[in-house]
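To keep things clear, I will list the structure first and then write my remarks on it.
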Amino acid sequence: MFKVVQLVAIEALSAFDIALVLTIGFMVGLAKAGIHGLTLLSVPLLALLFGGKHSSGVMLPMLIMADIFAVHHYHRHANWQFLIKLFPSAFVGVLIGTWLGEHINDALFMQIMAVIIFASVGLMLWLERNKAAVPDYTWFAILAGVLGGFTTMVGNLAGSVMAVYLLSMRLPKNEFIGTAAWFFLVINLFKVPFHVFIWETISWPSFTLNLLALPVIVAGVYIGIWLVKRINEKYYRWLVIGMTLLAAAALLPG
Numbered sequence: 000m001f002k003v004v005q006l007v008a009i010e011a012l013s014a015f016d017i018a019l020v021l022t023i024g025f026m027v028g029l030a031k032a033g034i035h036g037l038t039l040l041s042v043p044l045l046a047l048l049f050g051g052k053h054s055s056g057v058m059l060p061m062l063i064m065a066d067i068f069a070v071h072h073y074h075r076h077a078n079w080q081f082l083i084k085l086f087p088s089a090f091v092g093v094l095i096g097t098w099l100g101e102h103i104n105d106a107l108f109m110q111i112m113a114v115i116i117f118a119s120v121g122l123m124l125w126l127e128r129n130k131a132a133v134p135d136y137t138w139f140a141i142l143a144g145v146l147g148g149f150t151t152m153v154g155n156l157a158g159s160v161m162a163v164y165l166l167s168m169r170l171p172k173n174e175f176i177g178t179a180a181w182f183f184l185v186i187n188l189f190k191v192p193f194h195v196f197i198w199e200t201i202s203w204p205s206f207t208l209n210l211l212a213l214p215v216i217v218a219g220v221y222i223g224i225w226l227v228k229r230i231n232e233k234y235y236r237w238l239v240i241g242m243t244l245l246a247a248a249a250l251l252p253g
């Protein structure tokens, strides 16, 4: 059974806790390199350890570390036409998520995360069955930006929202990864002050834990880059969907 750890100082964690954090860091690196879906699995695992709201602050620096390496590798492939459309409404979504997070308890926070994950899996399943592109309308970019900003603030769960938008624009694989990498680097950096000064979910002890995970994050990114060129995404995607559903179910009240 998982226990919710109230402190994130390394000395307060068991060997199992640290091993789990390192595993999550590796998964974050893989996800940011283009192995999509692993973030949806790692987020609820970290929430089971630290609690929903607090885990989002523990996760954020790990995401930013991975974003930096992903942008370094894929930056040439980013499509700024779509990024410029997404950023303004995504900032609004982050503000909405910050406000909501101040007015709900941790149990409800985790339930919201579970609902977002189930909805994300539903969107992934929908994409498997419907290959038609959504027209490139401004309203669709605004909606995707608001939902992306909100879901990334409330649990770092915007991966599928962005996947729906960018895949519907029929971006090639590398352009998709590069555009997503820049989007999340900018938005995740924008989120940092809200986590530090409003939610108070990022501290020096938690950041020390993030630094401990940095080597496995970097390893995950570069192994992910290697795998993206070789992996059969069709079967792996269904495996990730199944694991994600189990992880989301664990967040729901018993």
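Heads up: the sequence shown at position 223 corresponds to 222 in numbering that gives the first Met the number 0, and the numbers run straight through without jumps.
Every residue gets a Cβ at the ideal spot worked out from N, C-alpha and C, and that includes glycine.
If you're wondering where the values come from, they're calculated on a predicted model, not measured in any experiment.
Nearest to Trp79 by C-alpha distance, out of Ile176, Gly241 and Ser13, is Ile176.
Between Asn104 and the set Leu37, Gly50, Gly92 and Phe90, the nearest pair of CA atoms involves Gly50. Secondary structure of Met152 (DSSP, three-state): helix.
Pro60 sits buried, since 16 or more C-beta atoms from the chains shown fall within 10 Å of its C-beta.
Residue range Gly51 to Tyr73 is occupied by the alpha helix (DSSP H) that includes Pro60.
One alpha carbon belongs to Met64, the other to Ile141, and they sit about 27 Å apart. DSSP places Glu174 inside the alpha helix (DSSP H), whose first and last residues are Lys172 to Pro192. In this structure Leu165 is in contact with Phe81, their Cβ atoms being roughly 7 Å apart against a cut-off of 8 Å.
The stretch 155 to 165 and the stretch 112 to 127 touch, with three or more beta-carbon pairs separated by less than 8 Å.
Shown here for Val163: same chain residues with a beta carbon closer than 6 Å to its own, the five before and five after excluded, namely Leu122 in chain order. For the pair Thr200 and Val42, the Cα-to-Cα distance works out to about 15 Å. When rounded, the separation of the alpha-carbon atoms in Val227 and His35 is 10 Å.
The beta carbon of Phe189 is closer than 7 Å to those of Phe90 and Val93 in its chain, skipping five residues each way along the sequence. Pairing Leu184 with Asp66 gives a Cβ-Cβ distance under 7 Å. Taking Ile95 as the centre and dropping the five residues before and after it, the same chain places the C-beta of Phe149 closer than 6 Å to its C-beta, in chain order. Comparing alpha carbon positions, the residue from Asn231, Arg229 and Val220 closest to Leu62 is Val220.
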